[in-house]
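Residue numbers (the working numbering): 12 to 389. C-beta atoms are modelled at their ideal positions from N, C-alpha and C, and glycine is treated no differently.
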Ligand code: PLP
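What follows is the structure in structure tokens.
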């Protein structure tokens, strides 16, 4: 039985062209980028080409892009570095951020008790309240970092980076956005956006796992996050992941080159799913902002019943991979802090995240619907 993968917000399949590019580097370019001989220089060139590609697609300065092991490391670096190195004494965020942000905030609360952590209230669809943010920024001018994700990985709700960034700028606050779910899916123009830090992860856009980047606006330099060699311009010691960053750059290049076609295809699949759900599953409602949210995500909500209780499990047995929220809450949705923030502790529904990629087909969606019918209407 061939499986149907509809969990592309958790991770995406590696693009074969990306795999080829990485394999070539692995086999041919084994030099250490810090070595001064020919092999080293070739490897250095590959790392710097990858950096140029990222900077080009995001309209960033090359010197503001630092490679890391992924989204988690990048956000840890920004939040902890902002307190340690930039004198930040207040962080304003939201309760539905990814755990790489929320758990970094827990760490800061414990180790820097002078830092105030404020989580913004949310609308029913997961939008952080911008008027509360403005009030907080207006009422207190202590050095503040605002950290709000561009699109939520579980419910897809998206903020307007320009609007939030401008507000932060108006009140002199630094602005970090976890853009892990939107890099490669939405154009991001850092020459225009008033953001100081964003983060990306290759495996979310058909690149390899374990490699990502952080953009740090040049005027807000952090100190090294990993001490060691002088790699990444002293910011992150350790021999560079040459084939990883090559794969990241190749995947990003493909994502932005083919964005319009990929987006149109995914939007079609999502619209088809929405249409069929409205026709055949009137009991289904949605978590998040369906109209304005990320086009690759749809979070469905089923009334709890004996038939839906083990929905994820039964779909998995039927060969369909979806999730209950983030990748770590496989099997059940009890672990979703996002749904809890929106619905409270006593939520008695079954929540199911469907997330698409351009590799999915209409037949995949039809098979998902058919499996769903079999399980729910039993
Ligand atoms: N931020 C968001 C919104 C995510 O969806 C993820 C991935 O699960 C991460 C951060 C973490 O990225 P990584 O897996 O590269 O550490």
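- If we count the other Cβ atoms within 10 Å of its Cβ and call it buried at 16 or more, is residue 88 buried or exposed? With 16 or more other Cβ atoms within 10 Å, it is buried.
- Query: Quick one: is residue 134 buried, meaning 16 or more other Cβ sit within 10 Å of its Cβ, or exposed?
  - Reply: With fewer than 16 other Cβ atoms within 10 Å, it is exposed.
- Task: Compare the C-alpha of residue 242 against each of 46, 38, 28 and 32 and name the closest.
- Result: Closest option to residue 242, Cα to Cα, is 46.
- Query: Considering only residues of the segment 17 to 99, which uninterrupted beta strand (DSSP E) runs meet the minimum length of 3 residues and lie entirely inside it, listed in chain order?
  - Reply: With a minimum length of 3 residues, the continuous beta strand (DSSP E) runs that stay inside the segment 17 to 99 are 76 to 79.
- Which whole-angstrom value describes the C-beta separation of residue 263 and residue 195, a residue pair presumed to lie in contact below a C-beta threshold of 8 Å? About 6 Å separates the beta carbons of residue 263 and residue 195, which is inside the 8 Å limit, making them a contact pair.
- Item | residue 386 vs residue 325 beta-carbon contact at 7 Å | Contact check for residue 386 against residue 325 passes: the beta carbons are separated by less than 7 Å.
- Query: With residue 145 and residue 178 assumed to form a contact (beta carbons below 8 Å), what rounded beta-carbon distance in angstroms separates them?
  - Reply: Residue 178 and residue 145 do touch by the CB rule: their CB atoms are close to 6 Å apart, below 8 Å.
- Query: Do the segment 166 to 181 and the segment 145 to 158 meet, that is, are 3 or more Cβ pairs less than 8 Å apart?
  - Reply: With a cut-off of 8 Å, the segment 145 to 158 and the segment 166 to 181 count as touching, because enough Cβ pairs lie within range.
- Item | Cut-off 7 Å between Cβ atoms - residues of its own chain near residue 370, not counting five sequence neighbours on either side | Answer for residue 370: 24, listed in chain order.
- What residue does the alpha helix (DSSP H) around residue 324 start on, and which one ends it? Residue 324 -> alpha helix (DSSP H) spans 322 to 328.
- Message: Does the distance between the C-beta of residue 192 and the nearest non-hydrogen atom of the ligand PLP fall short of 6 Å?
- Response: Result yes, Cβ under 6 Å from the ligand PLP.
- Compute the minimum distance between the beta carbon of residue 111 and the heavy atoms of the ligand PLP, and state whether it is under 6 Å. Yes, the ligand PLP has a heavy atom inside 6 Å of this Cβ.
- Query: Skipping 5 residues on each side, what residues in its chain have a beta carbon closer than 7 Å to that of residue 207?
  - Reply: Excluding sequence positions up to five before and after residue 207, its CB lies within less than 7 Å of the CB of 185, 186, 187, 228 and 231, all in the same chain and listed in chain order.
- Mind the definition here: the segment 107 to 123 touches the segment 252 to 267 only if three or more C-beta pairs lie below 8 Å; say whether that holds. Taking 8 Å as the limit for Cβ pairs, the verdict is that the segment 252 to 267 does not touch the segment 107 to 123.
- Return the chain-ordered list of same chain residues with a C-beta closer than 6 Å to the C-beta of residue 302, the five sequence neighbours on each side being excluded. Cβ neighbours of residue 302 beyond the five flanking positions: none.
- Task: Can you say whether residue 342 is buried or exposed, counting buried as having 16 or more other CB atoms within 10 angstroms of its CB?
- Result: Note that residue 342 scores 44 on pLDDT, short of 50, meaning its location in the model is unreliable and no value can be drawn from it.
- Task: Please find out if some non-hydrogen atom of the ligand PLP comes closer than 6 Å to the beta-carbon of residue 164.
- Result: Flag set: Cβ of residue 164 near the ligand PLP.
- Query: Using the beta-carbon count (16 or more within 10 Å), is residue 312 buried or exposed?
  - Reply: Looking at its Cβ environment, which holds 16 or more other Cβ atoms inside 10 Å, residue 312 is buried.
- 8 Å Cβ shell around residue 337 - same chain, five flanking residues per side excluded: Summary for residue 337: the model assigns pLDDT 44, below 50, so the residue's position carries little reliability, and this model does not support an answer.
- Message: Since residue 172 and residue 161 should fall inside the 8 Å C-beta cutoff, what is the C-beta to C-beta distance between them, to a whole number of angstroms?
- Response: 6 Å between Cβ atoms; contact.
- Query: Assuming residue 376 contacts residue 283 under a Cβ cut-off of 8 Å, what Cβ separation, rounded to an integer in Å, is found between them?
  - Reply: Confirmed, about 6 Å.
- Measure from the alpha carbon of residue 220 to the alpha carbon of each residue in 233, 320, 265 and 79, then state which is nearest. Of the candidates 233, 320, 265 and 79, 79 places its Cα closest to the Cα of residue 220.
- Task: May I have the straight-line CA-CA distance separating residue 122 from residue 150, to the nearest angstrom?
- Result: The alpha-carbon atoms of residue 122 and residue 150 are separated by roughly 26 Å.
- Message: Quick check: residue 322 and residue 295, are their CB atoms within less than 7 Å of each other?
- Response: No, Cβ-Cβ distance for residue 322 and residue 295 is not below 7 Å.
- Item | Environment of residue 169 [buried if 16+ CB atoms lie within 10 Å] | Result: buried.
- residue 271 - containing alpha helix (DSSP H), residue span: Its alpha helix (DSSP H) spans residues 270 to 291.
- Message: Starting from residue 112, trace the alpha helix (DSSP H) in both directions and tell me its first and last residue.
- Response: Unbroken alpha helix (DSSP H) run through residue 112: 110 to 122.
- Spatial distance of residue 290 from residue 34 (CA atoms): Rounded to whole angstroms, residue 290 to residue 34 spans 47 Å at the Cα level.
- Residue of 61, 316, 305 and 174 minimising C-alpha distance to residue 29: Nearest of 61, 316, 305 and 174 to residue 29, Cα basis: 61.
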